[in-house]
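Heads up: the sequence shown begins at 934 in the working numbering, then just goes up one per residue.
Just so it is clear, CB atoms sit at the ideal spot from N, CA and C, and this is done for glycine as well.
Quantities reported herein were computed from a predicted structural model and do not represent experimental measurements.
Reviewing the structure listed below.
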Amino acid sequence: MSDAISNKALPGTAPPNAGADKTVVKAINLSGGIFGACPAHVDVKDGKVVRIRPLHYDSKYDFESFNPWEMERNGVKLRPLTKSVPPPWGLAYKKRTYSPNRVPYPMKRVDWDPNGERNTQNRGSSKFERISWDEATDIIASEIKRIHKEYGPLAILVQGDGHSESKLIHAPHGCSTLLLNKMGGFTQQVRNPDSWEGWYWGAKHVWGKGFIGNMAPAENLVNDMTENTDMIVLQGGDPETTPWGFRGQFASRLMFFWQKAGIEQVYICPDLNYSAAVHANKWIPILPNTDAAMQLAIIYTWVVEGTYDKEYVATHAVGMDKIEDYVLGKVDGVPKTPKWASEKCGVPSYTIKAMARHWAKVRTSTGHYFGGGFIRGPYATEPARLECIQLGMQGLGKPGQHHAQIAYMGMPKNITWDQLNYDIANSDPSTGFQEYSGTFETIKQKDPELYERIFNPHRGTPQAWGKQFIPKTLIEEAIKAGTDKHINFWGTGGHEEEPIDQMIKYQYPVKKGDLRFSGSEKKNLAHNDTDIDKIYERIDYDGVPIHMVWTDTPCRQTCWGDGFDIGMTIRSPQIEFVLAQHPWLENDCIYADIVLPANTTLEVDDVMPCVRDGEHFQTMLNMRQAVKPIGESKSDFECVVEIAKKLDMEKEVTIGRTVEQYVEGVYKGMNFDKITPWEEFQEKDYMVIPVSKNWKKLPAGLYEFYKDPVGHPLPTPTGKLEFCSTNLSKYFPNDEERPPYPQWIEKGITHDERLSSSRARTYPLLIITNHPRWRVHAQADDIPWTKEAMTGKIRGFDGYLYEPCWINPKDAEARGIKTGDIVKVFNERGIVLCGALVMERIMPGAVSVDHGARTDIIIPGKLDRGGAINLITPKGLTSRHAGGQATTSFLVDVQRASMEELDKWRREYPEAWNREYDRASGLKANAWVERGK
């Protein structure tokens, strides 16, 4: 085995820095937020980054002082390595900093005149010209003042959320709120739980709030599964891919360890993803988004054969009678037999029966890393809820029987849990992250001003905290509503909101008297009460339509639904000004009127607590600047400060402190000086948080609920697993798309994306749009080293690097497609060009294109060359009352792009087809800059 998966801790210390002038420490994960991961050494020589390599924890400390944990099964042991295990693109991240697609200086769209014609109809088509920082900030400040005067503060929409580099002080997202919140507020784009749709909008109504709908608490799952689980069912997930962006490659070590220790791994997915190829004892191919059919048939088998834990269900769950009647066909006359399911999902009925019987005999856990395509498609609430019910029927919480977000939660606890006296009483126990949020609660008590300065930019993902808000999935509907109509939606979509929030009908623009959640002091009431008036209060102001967009997260076209419509809608004249700040000129940036050049983590001083689960150890990093800013770039925070200066708001934004003061305040505010003195931390630049000696004492997962459901109830209205939801029964009893208990939804008012649809005669394939292996959503698509992998990019005959489209040999042969061909993936929403990859790793009837590729739009609203598959995903929400997105498992066709078609596009759109292009990295920023400007 290589060191990356070895079960031995590496001896010795870190290798020398091989002639570097200096070495700094950075967190190089790309999940963003207030917690980092993937600590790494960055070596610099002659003012340039020469290499990025794993951080050796023991380079400045004694390894045994960390109290390293150990797990064992069948004589196989797992211990931490003495080094971190960053992802491949993390080790290559200097290529991102030095990308030819960097925004080098402030730019303005050539035909946008703030004092004249704004030509909003040309956004995404017209190019940019260089302007100075002084001119840019003058224009921006003037526009903010004008918008405030004409419409009011809430006319500015902030798009400041999502995944990103890990920077705490120079937060990549949300720094604009530090300014706008002090100027009367703003309209917030609320990020939907975009990789957890089914858990958030579905599972929360079975077992309670959890962390974005996942099972909680989730303590000590990894060790308990090591010791007790016999089989792990991984439905739609890839632990060898998705974890890279969040916690690096530790999950890979864990899966290899479990494999060697004899724990079965069963993968149920349309594609033989990397984890399935490497670890699976059994791969069960299933048609995209048909998992609910197989799940219902498994439940049917348990019911008719009497192989579920009836005693547990009687004492720990409510609603089993509804489930039993439904699967037996008493509700709709259709028994959910394995034969019925096989016709829906493509899995042979004998395989379904065998799976049901084996599951009932052995201690089984389900494994995910958020959920992948399993819970991101149309009606994703149903498979998510059915998994909760499957686990409940076999005794959820028993040793070895869990729902696990593999290594993301459930690792051995460090001493922040039991020795640093964090105020976890004010943090929500139902999230499973008490001690981590407790670190920030401690800063809040010691230094409230610093807490707001550090935490507020990061609030856009977990909380709907703006005075007016629009779910990210409904921005286009809000714009199309114009200035005289309202839109309605249920639930804010904020990741940490209570399940009851989904029962609230909100509107945009807001009106005086609308409901808003009353605050954290009522959390326990919110868990267990269904009376909305007890939990919510009413606002005393009216909102206004939006007229300006300020984005630092410009990737909606390639990461959210119906991306072509996103690009066309932002051209509305109602949106008078679009401001983007970003390091790279990509995706939504090309629709901006002004673009400010932000810089990367390698170019700033910062600090980062890497204290969540999923790595060998948790650390605190003093992230010193590695290299000077590229071009005229500034950090996202500095961009906002420059604008604040023109509005006489600098001190309000900076709170009068320097970066050095922020770093020291955060470190001491989190009580980390009790582990390593501040002066020593300054000298060593990193600190490893020791593992608690008591970590094994924490009960695993829902064990206490299993042992005593009365004394340790779940955060649901009944305190039990709700196979039939109390809240959904009360507020949406007749919802046919998310019924009170989970069902098979063939089609509905929101979606018609099944092979039974009449549309399937034209678009006969179901596509999956997985989390990409070689980038994190839209991040890192310009790193040339990863493009060289077979599944990275496909170089066409024209030299262009196309996004791979996996297609089965049977489907390819029927269409005359061979590996390397340029193909068009299409439906009525548009065409996306890809490179064909013909192989048996995708089942017949399904194709796969990873989401997140950079857009290269040839015909606005119609044709993309970059492989950005989300341009043609469904527009609709997860379902009518569930405001998530549905960005996988929809109908398309794939055909070989003929030479005649390619020649036609080249002739008719020569400028778009021949944009300036780097054969290794892809599109260059110069492609969008007017020559001579």
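Selection from the options that minimises the alpha carbon distance to residue i
i	options	result
Leu1698	Ile1412, Ala1414 and Met1776	Met1776
Leu1111	Arg1079, Trp1398, Glu1050 and Glu1320	Trp1398
Glu1238	Thr1248, Leu1261 and Lys1255	Leu1261
Ser1781	Val1765, Thr1788 and His1391	Val1765
His1335	Asn1161, Glu1612, Asp1204 and Lys1438	Asn1161
Arg1748	Ala1769, Glu1844, Asn1703 and Arg1829	Arg1829
Val1443	Pro1666, Glu1613 and Phe1422	Phe1422
Cys971	Lys1215, Val1544, Ala1250 and Phe1402	Val1544
Leu963	Lys1757, Trp1022, Glu1565 and Ile985	Trp1022
Phe1570	Glu1536, Asp1851 and Tyr1600	Glu1536
Lys1016	Arg1489, Phe996 and Ala1025	Phe996
Ile1080	Glu1509, Ile1523 and Ile961	Glu1509
Ala1577	Tyr1031, Ile1077, Gln1121 and Leu1014	Ile1077
Arg1813	Trp1134, Trp1216 and Gly969	Trp1134
Ile1285	Ala953, Trp1483, Leu1229 and Ser998	Leu1229
Identity of the residues DSSP links to residue i by a beta bridge
i	result
Phe1510	Met1481
Asn1760	Gly1763
His989	Lys1016
Trp1134	Paired residue(s): none; Trp1134 is not in a bridge.
Gly1768	Pro1737 and Ile1755
Contact check, residue i vs residue j, beta carbons under 9 Å
i	j	result
Trp1677	Lys1269	yes
Gly1816	Asn1125	yes
Glu1068	Lys1041	yes
Thr1175	Ser1128	yes
Arg1449	Glu1470	yes
Gly1305	His1549	no
Tyr1200	Ala1209	yes
Leu1087	Ile967	no
Thr1821	Gly1310	yes
Ala1711	Arg1787	yes
Cys1321	Trp1140	yes
Pro1642	Thr1248	yes
Under the three-state DSSP convention, the category residue i falls into
i	result
Gly1266	coil
Pro1623	coil
Asn1421	strand
Asp1826	strand
Ser964	coil
Ser1058	coil
Thr1070	helix
His1867	In the structure displayed, the chain extends from 934 to 1866; residue 1867 sits before or after that span and is not available.
Ile1700	strand
Asn1147	strand
Asn1114	helix
Thr1811	strand
Pro1516	coil
Tyr1636	helix
Ser1298	strand
Tyr1439	strand
Straight-line gap, residue i to residue j (C-alpha atoms, nearest Å)
i	j	result
Pro1039	Val1540	27 Å
Gly1343	Asp1157	9 Å
Thr1502	Ile1792	15 Å
Leu1113	Arg1590	19 Å
Leu1407	Gly1415	13 Å
Val1123	Gly1093	9 Å
Tyr1735	Trp1846	13 Å
Lys1379	Gln1594	14 Å
Gln1440	Gln1396	17 Å
His1103	Lys1277	49 Å
Thr1806	Gly1496	7 Å
Asn950	Thr956	7 Å
Asp894	Pro1105	Lying outside 934 to 1866, the shown extent of the chain, residue 894 is not represented and no answer is given.
Gly1131	Arg1318	8 Å
Lys1467	Lys1115	30 Å
Tyr1233	Arg1671	20 Å
Phe1373	Glu1844	50 Å
heavy atom of the ligand MG below 8 Å from residue i C-beta
i	result
Asp1351	As for the ligand MG, it is missing from this structure, which has no ligand bound.
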